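Colleague: Below: one structure in C-alpha cells.
There are 2 protein chains.
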Amino acid sequence: MAESLAINGIDDSPRGRLLSAAAHLFRDKGFDRTTVRDIAAAVGIQSGSIFHHFKTKEDILYAVMEEVIHFNTARLQQAVASEATAAGKLRALIRAELQSIVGDTAEAMTVMVTEWRCLSEDKQRKALALRSIYEQLWLDSLSELHQQGVMKTDPFILRRLLTGMIGWTPNWFDREGPVSLDDLADIMLARVIGEAP
Amino acid sequence: MAESLAINGIDDSPRGRLLSAAAHLFRDKGFDRTTVRDIAAAVGIQSGSIFHHFKTKEDILYAVMEEVIHFNTARLQQAVASEATAAGKLRALIRAELQSIVGDTAEAMTVMVTEWRCLSEDKQRKALALRSIYEQLWLDSLSELHQQGVMKTDPFILRRLLTGMIGWTPNWFDREGPVSLDDLADIMLARVIGEAP
DNA sequence: CTTTACAAACCAAGCGCTTGCTTGGTAGCT
DNA sequence: AGCTACCAAGCAAGCGCTTGGTTTGTAAAG
Numbered sequence: 001m002a003e004s005l006a007i008n009g010i011d012d013s014p015r016g017r018l019l020s021a022a023a024h025l026f027r028d029k030g031f032d033r034t035t036v037r038d039i040a041a042a043v044g045i046q047s048g049s050i051f052h053h054f055k056t057k058e059d060i061l062y063a064v065m066e067e068v069i070h071f072n073t074a075r076l077q078q079a080v081a082s083e084a085t086a087a088g089k090l091r092a093l094i095r096a097e098l099q100s101i102v103g104d105t106a107e108a109m110t111v112m113v114t115e116w117r118c119l120s121e122d123k124q125r126k127a128l129a130l131r132s133i134y135e136q137l138w139l140d141s142l143s144e145l146h147q148q149g150v151m152k153t154d155p156f157i158l159r160r161l162l163t164g165m166i167g168w169t170p171n172w173f174d175r176e177g178p179v180s181l182d183d184l185a186d187i188m189l190a191r192v193i194g195e196a197p
Numbered sequence: 001m002a003e004s005l006a007i008n009g010i011d012d013s014p015r016g017r018l019l020s021a022a023a024h025l026f027r028d029k030g031f032d033r034t035t036v037r038d039i040a041a042a043v044g045i046q047s048g049s050i051f052h053h054f055k056t057k058e059d060i061l062y063a064v065m066e067e068v069i070h071f072n073t074a075r076l077q078q079a080v081a082s083e084a085t086a087a088g089k090l091r092a093l094i095r096a097e098l099q100s101i102v103g104d105t106a107e108a109m110t111v112m113v114t115e116w117r118c119l120s121e122d123k124q125r126k127a128l129a130l131r132s133i134y135e136q137l138w139l140d141s142l143s144e145l146h147q148q149g150v151m152k153t154d155p156f157i158l159r160r161l162l163t164g165m166i167g168w169t170p171n172w173f174d175r176e177g178p179v180s181l182d183d184l185a186d187i188m189l190a191r192v193i194g195e196a197p
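Chains A and B supply the protein sequences, listed in that same order. Numbering of the first sequence is given in the UniProt record's numbering, commencing with residue 1 and proceeding in unit increments. Numbering of the second sequence is given in the UniProt record's numbering, commencing with residue 1 and proceeding in unit increments.
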C-alpha cells in the first residue's frame, strides 16, 4: 500500500517500489527489526524475490540513503543559488533541510540519521563521501556570515547545533500545528544570526 | 570488559556489572545487534546465566534507562536548586545535561536516546512517566525567562531545539578539543537568551 | 570449630523459532 | 530466443530463552 512515495526521485519500477516500502518500514521499526519478509509483503512479492533486485538487505538501506543524499544535495544547491545575500542563503538552507526532514523525503532522511550505524564501515565511508558536498554548502554559508561579523561563534560548531536542532524536529513537529515550517526556519535562523530571541 | 562504570549510581554487584556492560554494548552496536551472548561474555559468564538477573533482554535495556533517568533527574534538580536567577538556572540545566550526555553517564544517556523505540510500548510509557519530572524542570525555567520577556519564542519549542542541540553533541564533541563543556554550554545558552551571537 | 541449611550465582546443553539468503524453475513480454 | 520479474521451498546460522543441576558464600545450630 506504500502511501506516497518516500523519495521524490523514485519512479514506480519494482526497484523504486521496494525502496519506498523499505524506507517506510525502516523508519517505523528500524533496520534490524524489519525483515526482508516484511519488505516483500509490503510490495506483494515473495521474500526471496527481493534478491533479484538487491544483493543484500544492507544494499537496500544503502540505496535508500544514496537516493536521498543525491536528491537533497540537488535541492540544497538550488536553494543556495536562488539567494543573493549570505543571510538569505542560510535561511534557504534551513528551509530546505527542514523540508527534507519533515516533508517529502522525511522517511528516507530519518532513516539516514537513525540507521546510519547499520551500514558496514565500507558503505559508511562511501555515503559520507557523497554527503561532503552537502555539508560544504552549509559551511560556506556560515563562514561567509562569520567573516561578515554577523556572529562570533565558530561556523563548524554552529553547523553542528543546527544539525541537532533540525534532525530532532521529526520527533515533535506537527505539520498541522500552529507553527509553519517557514516559521520554524525563522526561529532557527534567529538562533544563528541573533535576531529577536 | 566494563572499563569505567557507565552509570554513576551503579555498584559492582553482578547486576550492576551487567548493566554497565550492556550500556556499553548497546551504545556501540545498538540493542538489536547486541546479543545476550555478547553481554554475558563481557562480564565473563554464560549467556543463560543472565536470566537469573533479568527476565528478558528488554528488561536490561529498561533497567539501564531507569537508572540513568533517576540519576540525572537528581542532578538536574540539584542544578536548578543551586542557582537563584532564571538565566543562571537555565545555564545550570544546559551544563548538567551536557555533562550527562558526553560525560559520566554518556553511554546510558546515548542508549536512551537512540534505542528508545526498542522498548515495548508499555515500558515506553513507564519510562516517559519517569522523565516527566525531568522535562518539567526545563519548561519551568524557560517559561520564567519567557515571562520576564527575555525571549519571545515559545518555551516549548525552545526546549525541543535545545534537546536536539544537546542530544546531537555526542556525535561530534571532543572532550580533548579546544572548546570546553562550559564553553559549549554558554554558546548554547546564547542561542536562547540571545547574547553575543 | 564443625556441621547443616539455604539461597544466590552460575554452568552445560540445547530447544524452538526467526533470520538473511539460495536454488531451480516458471510466466510473460518483446 | 532471451530477458526481466517472479515463485515455491528450504537451508544454515544465529537468536532469546529454558532447564536441571552444580558451585559458592554466609550464617545459624550443634
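Ideal Cβ placement from N, Cα and C applies to all residues, glycine included. In this text the structure is predicted, and so the values were computed from the model without any measurement.
1) Starting from Asp-38 (chain B) and walking both ways along the alpha helix (DSSP H), at which residues does that stretch end?
2) For a test of the three-state rule: what should DSSP assign to Arg-33 (chain A), helix, strand or coil?
3) Could you give the distance in angstroms between the alpha-carbon of Asp-186 (chain A) and the alpha-carbon of Ile-133 (chain B)?
4) Are the CB atoms of Thr-163 (chain A) and Trp-138 (chain B) nearer to each other than 8 Å?
5) Any beta carbon from chain A within less than 8 Å of Ile-133 (chain B)'s own beta carbon?
6) Which chain A residues sit within Cβ distance under 7 Å of Trp-172 (chain B)?
7) Using only the alpha-carbon positions, how far apart do Val-157 (chain A) and Val-179 (chain A) sit?
8) Against chain A, does Met-165 (chain B) count as a neighbour if the rule is that its beta carbon must be under 8 Å from one of theirs?
9) Can you list, in chain order, the residues of its chain with a C-beta nearer than 8 Å to that of Arg-91 (chain B)? Leave out the 5 residues immediately preceding and following it.
10) What's the gap between the Cα of Leu-181 (chain B) and the Cα of Arg-95 (chain B)?
11) If you follow the alpha helix (DSSP H) that Asp-104 (chain B) is part of, which residue opens it and which one closes it?
12) CB Val-80 (chain B) to CB Met-109 (chain B), shorter than 8 Å?
13) Who are the near neighbours of Leu-145 (chain B) in its chain, counting only those whose CB is closer than 8 Å to its CB and skipping five residues on each side?
14) Considering only C-alpha positions, which residue in the set B:Gly-48, B:Thr-73 and B:Gln-78 is nearest to Glu-129 (chain B)?
15) Measure how close the beta-carbons of Val-111 (chain A) and Phe-26 (chain A) come, nearest whole angstrom, since I'm counting them as under 8 Å.
16) Could you pull out every residue in the same chain whose Cβ sits closer than 7 Å to the Cβ of Ala-106 (chain B), ignoring the five residues on either side in sequence?
17) Can the beta-carbon of Gly-30 (chain A) be found closer than 8 Å to that of Glu-115 (chain A)?
18) Can you confirm whether Arg-117 (chain A), when its beta carbon is compared against all beta carbons of chain B, has any partner nearer than 8 Å?
19) Could you run through the UniProt domain "HTH tetR-type" (12–72) of chain A and flag, in chain order, every residue whose CB is less than 7 Å away from some CB of chain B?
20) For Ser-141 (chain B) and Gln-147 (chain B), I'd like the C-alpha separation in whole angstroms.
21) Helix, strand or coil for Gln-46 (chain A), going by three-state DSSP, please let me know.
22) Rounded to whole angstroms, what's the CA-CA distance from Ala-22 (chain A) to Val-36 (chain A)? Just pull it up for me.
23) Scan the segment 95–117 of chain B for residues whose Cβ lies nearer than 8 Å to a Cβ of chain A and list them as they occur along the chain.
24) Measuring only between beta-carbons, confirm whether Lys-85 (chain B) sits less than 8 Å from chain A.
25) With a CB to CB cut of under 6 Å and the five nearest residues on each side skipped, what residues in its chain are close to Ser-47 (chain B)?
26) Within the same chain, show all residues whose beta-carbon is closer than 7 Å to that of Arg-159 (chain A), passing over the 5 residues directly before and after it, in chain order.
27) So which residues of chain B does Arg-125 (chain A) contact, with C-beta pairs closer than 8 Å?
Modeller: Reading from the atomic positions:
1) The residue given as residue 38 (chain B) occupies position 38 in the second sequence. Per DSSP, Asp-38 (chain B) belongs to the alpha helix (DSSP H) from 36–43.
2) As a working mapping, residue 33 (chain A) is identified with position 33 in the first sequence. Arg-33 (chain A): coil per DSSP, three-state reduction.
3) Counting from one through the first sequence, the residue named residue 186 (chain A) turns up at place 186. Counting from one through the second sequence, the residue named residue 133 (chain B) turns up at place 133. Their Cα atoms are separated by approximately 30 Å.
4) If you number the first sequence from 1, residue 163 (chain A) lands on position 163. If you number the second sequence from 1, residue 138 (chain B) lands on position 138. Not closer than 8 Å, so no.
5) Here residue 133 (chain B) refers to the residue found at position 133 when the second sequence is read from its first residue. So, not an interface residue.
6) As a position in the second sequence, residue 172 (chain B) is number 172, starting the count at 1. Residues of chain A passing the Cβ test: Arg-160.
7) Taking the first sequence and counting its residues from 1, one reaches residue 157 (chain A) at position 157. Taking the first sequence and counting its residues from 1, one reaches residue 179 (chain A) at position 179. Sequence check: residue 157 (chain A) is Ile here, not Val. In a straight line, the C-alpha of Ile-157 (chain A) is about 27 Å away from that of Val-179 (chain A).
8) The residue labelled residue 165 (chain B) in the question sits at position 165 within the second sequence. Yes, Met-165 (chain B) lies at the interface with chain A (some Cβ there is under 8 Å from its Cβ).
9) Mapped onto the second sequence, residue 91 (chain B) falls at position 91. In the same chain as Arg-91 (chain B), and ignoring 5 residues on each side of it, the C-beta atoms closer than 8 Å to its own belong to Glu-83, Ala-185, Asp-186 and Leu-189, in chain order.
10) Counted from its first residue, the second sequence places residue 181 (chain B) at position 181. Counted from its first residue, the second sequence places residue 95 (chain B) at position 95. Near 7 Å, if we compare the C-alpha coordinates of Arg-95 (chain B) and Leu-181 (chain B).
11) Stepping through the second sequence from its first residue, residue 104 (chain B) is reached at position 104. Where Asp-104 (chain B) is concerned, there is no enclosing alpha helix (DSSP H), given that its DSSP letter is neither H nor E.
12) Walking along the second sequence from the start, residue 80 (chain B) turns up at place 80. Walking along the second sequence from the start, residue 109 (chain B) turns up at place 109. Cβ distance not < 8 Å, so Val-80 (chain B) and Met-109 (chain B) don't count as in contact.
13) Start at 1 with the first residue of the second sequence, and residue 145 (chain B) comes out as number 145. These residues qualify, in order along the chain: Ala-86, Ala-87, Leu-90, Met-151, Pro-155, Val-192 and Ile-193.
14) Here residue 129 (chain B) refers to the residue found at position 129 when the second sequence is read from its first residue. Looking at the sequence itself, residue 129 (chain B) is Ala, so the reference to Glu does not match. Comparing Cα-Cα distances from Ala-129 (chain B) to each of B:Gly-48, B:Thr-73 and B:Gln-78, the minimum goes to B:Thr-73.
15) As a position in the first sequence, residue 111 (chain A) is number 111, starting the count at 1. As a position in the first sequence, residue 26 (chain A) is number 26, starting the count at 1. That pair is a contact at about 5 Å.
16) Taking the second sequence and counting its residues from 1, the one referred to as residue 106 (chain B) is at position 106. These residues qualify, in order along the chain: Pro-170.
17) The sequence position of residue 30 (chain A) within the first sequence is 30, counting from 1. The sequence position of residue 115 (chain A) within the first sequence is 115, counting from 1. One thing to note: Gly-30 (chain A) has its Cβ within 8 Å of the Cβ of Glu-115 (chain A).
18) Residue numbering aside, residue 117 (chain A) sits at position 117 when the first sequence is read from its first letter. It does; some Cβ of chain B falls within 8 Å.
19) Gly-30, Asp-32 and Arg-33
20) Here residue 141 (chain B) corresponds to residue number 141 of the second sequence, with the count starting at 1. Here residue 147 (chain B) corresponds to residue number 147 of the second sequence, with the count starting at 1. Distance between the alpha carbons of Ser-141 (chain B) and Gln-147 (chain B): 10 Å.
21) Here residue 46 (chain A) refers to the residue found at position 46 of the first sequence. Note: Gln-46 (chain A) maps to coil in three-state DSSP.
22) Within the first sequence, numbered from 1, the residue matching residue 22 (chain A) stands at position 22. Within the first sequence, numbered from 1, the residue matching residue 36 (chain A) stands at position 36. In a straight line, the C-alpha of Ala-22 (chain A) is about 9 Å away from that of Val-36 (chain A).
23) Thr-114 and Arg-117
24) Here residue 85 (chain B) corresponds to residue number 85 of the second sequence, with the count starting at 1. In the sequence as displayed, the identity of residue 85 (chain B) is Thr instead of Lys. So, not an interface residue.
25) Position 47 of the second sequence, counted from the first residue, corresponds to residue 47 (chain B). Val-36, Arg-37 and Ala-40.
26) Working through the first sequence from its first residue, we reach residue 159 (chain A) at position 159. The residues are Trp-138, Leu-139 and Leu-142.
27) The residue given as residue 125 (chain A) occupies position 125 in the first sequence. In chain order: nothing, as chain B lies at least about 16 Å away.
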